[in-house]
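So that you can map any letter, position 96 of the sequence shown is 96 in full-length UniProt numbering, and since no number is skipped, the others follow by simple counting.
All C-beta atoms, glycine included, are put in the ideal place defined by N, C-alpha and C.
To start, the structure itself, in structure tokens.
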Amino acid sequence: MADSKLDRVVAQARREALERGQGYREQALKMYPWVCGRCGREFTRANVHELTVHHRNHDHDFNPPDGSNWELLCLYCHDNEHQRLLEAAANPTSVKGGKASGATHSPFAGLKDLLKKDE
């Protein structure tokens, strides 16, 4: 009885390993060199868990088999990429054509009128 339970556990572990191997992360790790696409940091088996798959178009459901929507990024660069996306969404007027626009607030705009009142 114990052997049949062990056989089921081993069979399930093998199925799960096969499923993971077919996932987009495993595909990307087989397809691309283990180097962060932003900072150039290189990874080995010892630290490959710190290498993530970033979806270029930010759609985690779009996983073409050729890997064209993926890039490998280290944890730090991946977090930075998503933070930049959040900041751009929170303040859409701060970025214009990929370049930061000028300030929209003028702190001294009404200063002349205020100084006249004190005279």
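**Q.** Coil, strand or helix - H82 by DSSP
**A.** Within the sequence shown, residue 82 is the residue found at index 82, counting from 1. Three-state DSSP puts H82 in a helix.
Q: State the start and end residues of the unbroken alpha helix (DSSP H) segment that holds residue 122.
A: Absent from the model: residue 122. The displayed extent of the chain is 1 to 119, so no value can be given.
Q) For L29, which option in F62, L73 and H58 has the closest C-alpha, if you only look at C-alpha atoms? A) In the sequence shown, the residue the question calls residue 29 occupies position 29. Cα-wise, what sits closest to L29 is L73.
Q. At a cut-off of 7 Å, is L86 close to the ligand COA when judged by its beta-carbon and the heavy atoms of the ligand?
A. Among the components of this structure there are no ligands whatsoever, and the ligand COA is therefore not found.
Q. Going by alpha carbons, who is nearest to Y76 out of P65, R38 and N63?
A. Locating residue 76 in the sequence shown gives position 76, counting from the first residue. Comparing Cα-Cα distances from Y76 to each of P65, R38 and N63, the minimum goes to R38.
Q) By DSSP, does C36 sit in helix, in strand, or in coil? A) Along the sequence shown, read from residue 1 onward, the residue named residue 36 stands at position 36. The answer is coil: DSSP assigns C36 none of H, G, I, E or B.
Q: State the Cα-Cα distance for the pair P92 and H58, rounded to the nearest angstrom.
A: For the purposes of this step, residue 92 is taken as residue 92 along the sequence shown, with counting starting at 1. For the purposes of this step, residue 58 is taken as residue 58 along the sequence shown, with counting starting at 1. When rounded, the distance between both Cα atoms is 17 Å.
Q: With DSSP as the reference, please indicate the residues paired to H54 in a beta bridge.
A: Walking along the sequence shown from the start, residue 54 turns up at place 54. Answer is E71, bridged to H54.
Q | V10 versus E19: straight-line alpha-carbon distance, rounded | A | The sequence position of residue 10 within the sequence shown is 10, counting from 1. The sequence position of residue 19 within the sequence shown is 19, counting from 1. C-alpha separation (whole angstroms): 14 Å.
Q. If we count the other Cβ atoms within 10 Å of its Cβ and call it buried at 16 or more, is H82 buried or exposed?
A. In the sequence shown, counting from the first residue as 1, residue 82 sits at position 82. The residue is exposed, with fewer than 16 neighbouring Cβ atoms inside 10 Å.
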